[in-house]
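Following: one structure in structure tokens, then a few remarks.
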Amino acid sequence: MTNNTCSLLSEGEKFARYGFLAILVLPLTFIYIRILMVMTRKSTSIYTDSFYSIYRIDGVVSVSYNLISYSLIRLIIYITPYCNFIMDMFSTPSWLLTSYFFFYLFFQFMKVLSTVTICANRLTSVTIPVKHTYFWKTYFWHILFLQILISVVCSFPILQGPAYIIFRDGKGTMTIVRNFSFIGPNTLRITLLLPSIVFVMATNILIIKKLPKNMRHVENSMSISTLFISFGFILNLVPVFGIYLIDQNYLNENPTFSAIYSIVYLFCTDFYMISGPIVLLVVDKKLRKRTTTWKKVDSNMIWVQKQTNSRINN
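Numbering (my numbering) for the sequence shown: 2 to 315.
In structure tokens form, the structure reads like this:
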């Protein structure tokens, strides 16, 4: 027998779970944004390598996903008043909810492809170092366009009809009004993940084997960060594939196991999204110094600049 309610947990349990994830993720997300700001400064020419260009795109994708996730899905799971408000709003099919889940899936697919691209970048740096720079300078925008195109195609089935949320036994399930017999996004997700995990694992094995002993510090930072991102990617896939392997009836009959599994799933997802730049921050001393130091602006210099601009305009 199902219970059409937002949550079966007590208020203390709900806020403890949400607080644990929010305290872990949100501050690290702001640190991620700060790292991206440092990397995009014109004065930091050290971050002009193609690896950092891919890294910035990966950062935008990760931050966007976290903001989308914590703006609706996480709040529905843990905050009862907000959940009741959303349940009343989206109890009937809505194209607004469909567009939300389209971007939610889009950034998930983009993150996977971004991880694959980062690994490919490091692979070319150790296997074809002479042609590495030329290759990525020539084909970078082509690869980015291909990432966006594949992500749109994989997310497109969600746009076949309006969506609504059904709450049963404290769990929210997004349902689409199917107008066409499209392949579901879950099928496309598995289709993309299987070759991706094989490529990422094979690439990292080759990177470890071919790493030069006397490698520059910045190259070492890139490689360590790539290995850590790959570890987060593989770790995230364990609960993802577990959803398809574990019987749904077993989860319904064992709420304790279901709750623990949900926490593990969300934690692995958050770890995958934010782990890369944190590792880069730890191993890269220059990046750490630039990230933790805010440039002070001299008020006298600002006054002189204003006076100069005023004279030029006059």
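Each residue gets a CB set at the ideal place from its N, CA and C atoms; glycine is no exception.
Contact set for residue i: own chain, Cβ-Cβ below 8 Å, skip 5 residues either direction
i	result
V153	F107
R57	L37, M40 and T41
I149	M111
V61	L37
F136	T125 and I129
N237	C269, T270, F272 and Y273
Identity of the residues DSSP links to residue i by a beta bridge
i	result
S95	A164
T176	Y165
Close Cβ partners of residue i (< 7 Å) along its chain, the five nearest in sequence each way excluded
i	result
G20	none
K297	Annotation note: pLDDT 49 at K297 (below 50); position unreliable, no value reported.
Y101	L73
L193	F110, V113 and C155
A164	P94, S95, L98, T99, F102, M175, T176 and I177
Proximity of residue i and residue j at Cβ, strictly below 8 Å
i	j	result
L162	F229	The sequence as given places Gly at residue 162; Leu does not occur at that position. Cβ distance not < 8 Å, so G162 and F229 don't count as in contact.
T204	L124	yes
V280	I225	yes
V117	F200	yes
S63	I275	yes
V178	P94	yes
I159	F103	yes
I166	F86	no
L267	F258	no
I235	I198	yes
T227	I209	no
Whole-number beta carbon distance between residue j and residue i, since they are thought to touch under 8 Å
i	j	result
I69	Y33	Not really, about 15 Å apart at Cβ, beyond 8 Å.
R35	T292	5 Å
I151	I55	Actually they do not touch by this definition, with Cβ atoms about 15 Å apart.
Cut-off 6 Å between Cβ atoms - residues of its own chain near residue i, not counting five sequence neighbours on either side
i	result
D299	Bear in mind that the predicted position of D299 carries a pLDDT of just 43, short of 50, making it too unreliable to give a figure here.
F52	N122 and M223
W304	Its pLDDT being 47, under 50, W304 is placed unreliably by the model, and the measurement read from it follows with that caveat. So no residue of the chain qualifies.
D285	S222
L29	I275
is_contact[residue i, chain C] using C-beta, thresh 8 Å
i	result
Y105	No chain C is part of this structure, which consists of one protein chain only.
- Message: What ranges does the alpha helix (DSSP H) occupy inside the region 199-252, keeping only unbroken runs of at least 4 residues that lie completely in it?
- Response: 218-246
- Mind listing, in chain order, the continuous beta strand (DSSP E) runs of no fewer than 3 residues lying wholly within the region 85-138? none
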